[in-house]
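In the working numbering, the protein residues as written are 376 to 720.
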Amino acid sequence: MTPARTGSSVTPMPLVAMRQLLDEAATGGYGIGAFNVNNMEQLQAIMEAARETESPVIVQASRGARSYTNDRFLIALMGAAVELYPEIPVALHQDHGNSPETCFSAIEQGFTSVMMDSSLLSDGKTPSDFEYNVAVTREVVEYAHARGVSVEGELGTLGGIEDGVGSGEVHLTDPDQAVEFVERSGIDALAVAIGTSHGAYKFTQPPTGEVLAIDLIEAIHRRLPETHLVMHGSSSVPKELVDVINRSGGDIRPTWGVPVVEIQQGIRHGVRKVNVDTDLRLAMTGAIRTALAESPAEFDPRSYLERARTAMQAVVAERMRQFGQAGHARDYEPRTLDEMQLLYA
Ligand code: G3H
Ligand code: 13P
Ligand code: ZN
Numbered sequence: 376m377t378p379a380r381t382g383s384s385v386t387p388m389p390l391v392a393m394r395q396l397l398d399e400a401a402t403g404g405y406g407i408g409a410f411n412v413n414n415m416e417q418l419q420a421i422m423e424a425a426r427e428t429e430s431p432v433i434v435q436a437s438r439g440a441r442s443y444t445n446d447r448f449l450i451a452l453m454g455a456a457v458e459l460y461p462e463i464p465v466a467l468h469q470d471h472g473n474s475p476e477t478c479f480s481a482i483e484q485g486f487t488s489v490m491m492d493s494s495l496l497s498d499g500k501t502p503s504d505f506e507y508n509v510a511v512t513r514e515v516v517e518y519a520h521a522r523g524v525s526v527e528g529e530l531g532t533l534g535g536i537e538d539g540v541g542s543g544e545v546h547l548t549d550p551d552q553a554v555e556f557v558e559r560s561g562i563d564a565l566a567v568a569i570g571t572s573h574g575a576y577k578f579t580q581p582p583t584g585e586v587l588a589i590d591l592i593e594a595i596h597r598r599l600p601e602t603h604l605v606m607h608g609s610s611s612v613p614k615e616l617v618d619v620i621n622r623s624g625g626d627i628r629p630t631w632g633v634p635v636v637e638i639q640q641g642i643r644h645g646v647r648k649v650n651v652d653t654d655l656r657l658a659m660t661g662a663i664r665t666a667l668a669e670s671p672a673e674f675d676p677r678s679y680l681e682r683a684r685t686a687m688q689a690v691v692a693e694r695m696r697q698f699g700q701a702g703h704a705r706d707y708e709p710r711t712l713d714e715m716q717l718l719y720a
């Protein structure tokens with residue numbers, strides 16, 4: 376960890392609206408990793424990686440993360456991140472909001488972006504119909520934009536084409552329906568379903584175009600060239616990270632994730648936000664297992680949490696370079712949410 380920069384000439388910036396980060400990424404032709412956080416070490420790893428690579432970044436919290444941190448710890452940690460890393464433009468995003476109320480409460484807490492995922496009903500499992508999705512997303516867009524906050528919507532449902540995990544049903548995003556969805560909902564960014572799924576078990580062999588429909592991204596981007604696309608389930612599940620876990624008593628079955636070259640292909644066709652959580656969990660878990668196996672007498676949590684943080688930082692920094700966001704932290708002056716509100720109005 377680098378110590379806090381005191382006496383720096385950089386003016387501290389507040390959390391930035393995700394829309395501005397994505398607009399700038401579109402101008403620069405790169406993608407931005409959206410990394411999930413649940414605790415201090417994960418946020419430190421992300422911010423250190425952002426500093427190391429000079430990257431703007433999206434920090435995202437699931438409903439589970441918000442409940443794990445009681446919101447209050449999360450918001451306090453984000454305050455520390457903004458203060459200690461003033462040169463990094465950072466957005467705080469609600470990952471997979473299941474209802475307008477979830478999104479509204481995130482905005483009240485200071486999130487600068489929310490995902491209203493009404494591709495599923497509020498149980499987070501049952502696929503919804505198109506009209507429900509439009510109406511619920513639109514309701515959140517009106518509330519959020521009036522406060523300068525960005526909104527991500529989703530059309531189609533995640534889940535492997537191969538085995539139907541996730542919602543249990545796979546509905547790839549229809550490009551024509553995507554045009555209507557974006558127009559009627561007014562969203563800033565569209566999450567697309569192209570065959571990826573959450574978690575470590577995405578594909579049972581290296582994915583081909585049969586199970587990972589990157590060409591669908593190209594088709595959607597042709598129809599919606601101005602819309603920022605979002606790829607969920609974008610962990611690559613590298614064998615090296617899985618092997619580290621398994622070498623120290625873990626039991627992760629052979630599995631394949633989304634190859635980084637496929638993500639880069641998506642970025643060339645309008646993907647601006649790339650969601651990564653599983654790879655970070657794998658890196659931390661591997662480091663903790665290794666540390667405990669190497670030093671069975673050690674019981675200071677800092678000894679293994681520090682190694683976990685370092686391992687996660689390495690993966691985040693690598694993704695930042697691969698997605699192209701590295702070096703872009705100082706490209707622009709962040710706008711305030713008030714300015715964003717005026718732009719929407
Ligand atoms: O959307 C999936 C993310 O990996 C968050 O997962 O709900 O277990 O925090 P979670
Ligand atoms: P992974 O499980 O592939 O990391 O996906 C994370 C995600 O999409 C969070 O919304
Ligand atoms: Zn997701």
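Note that beta-carbon positions come from the ideal geometry of N, C-alpha and C, so glycine has one too.
query: Would the C-beta of ASN414 count as close to the ligand G3H, meaning under 7 Å from any of its heavy atoms?; result: no
query: Is it the case that the Cβ atoms of ALA704 and GLU462 are separated by a distance below 8 Å?; result: yes
query: For GLY539 and GLY472, I'd like the C-alpha separation in whole angstroms.; result: The predicted position of GLY539 is uncertain, since its pLDDT is 42 and thus under 50; no value can be drawn from it.
query: Does DSSP put ALA662 in a helix, a strand or coil?; result: helix
query: In angstroms with no decimal places, state the Cα-to-Cα distance between PRO581 and PRO629.; result: 11 Å
query: I need the straight-line Cα distance from GLN343 to ARG664, nearest angstrom please.; result: Limits of the chain in this structure are 376 at one end and 720 at the other, which puts residue 343 out of reach.
query: Which term fits SER494, buried or exposed, when burial requires 16 or more other beta carbons within 10 angstroms of its beta carbon?; result: buried
query: Grouping DSSP H, G and I as helix and E and B as strand, with all else coil, what is PHE359?; result: Since the displayed the chain opens at 376 and closes at 720, residue 359 lies outside it and no answer follows.
query: Based on Cα-Cα distance, which residue from GLY699, ASP713, LEU717, PRO709 lies nearest to THR428?; result: GLY699
query: Could you tell me if PHE674 is buried or exposed, where buried requires 16 or more neighbouring beta carbons within 10 angstroms of its beta carbon?; result: exposed
query: Does ASP654 come out as helix, strand or coil in the three-state DSSP assignment?; result: helix
query: Is there at least one non-hydrogen atom of the ligand G3H closer than 7 Å to the beta-carbon of HIS468?; result: no
query: In this structure, does DSSP put VAL540 in helix, strand or coil?; result: For VAL540, the pLDDT reaches just 39, beneath the cut-off of 50, and the residue's location in the model is therefore unreliable, leaving the point undetermined.
query: With a floor of 4 residues, list each alpha helix (DSSP H) that falls wholly inside the region 557-634, ordered by position along the chain.; result: 589-598, 614-622
query: Considering PHE410, what are the terminal residues of the beta strand (DSSP E) in which it resides?; result: 407-411
query: In the DSSP assignment, what are the bridge partners of ALA704?; result: Answer is none; ALA704 lacks a bridge partner.
query: Could you check what DSSP says for HIS520 in three-state terms: helix, strand or coil?; result: helix
query: Taking the alpha-carbon of SER611 as reference, which of THR548, HIS573, VAL524 has the nearest alpha-carbon?; result: HIS573
query: Please say whether VAL432 and PRO475 have beta carbons closer to each other than 8 Å?; result: no
query: Ignore the nearest five residues each way along the sequence and tell me which others in THR571's own chain have a CB closer than 8 Å to its CB.; result: LEU533, GLY535, LYS577, LEU587, MET606, HIS607, GLY608, SER609, VAL633
query: Taking Cβ to Cβ, would you say ILE592 is nearer than 8 Å to ILE620?; result: no
query: If you measure from the CB of GLY408, is any heavy atom of the ligand ZN nearer than 7 Å?; result: no
query: Could you give the distance in angstroms between the alpha-carbon of SER560 and the alpha-carbon of LEU604?; result: 15 Å
query: Can you tell me which of the three DSSP states ARG438 falls into?; result: helix
query: Rank LYS648, ARG447, LEU712 by C-alpha distance to the C-alpha of GLU399 and give the top, closest one.; result: LYS648
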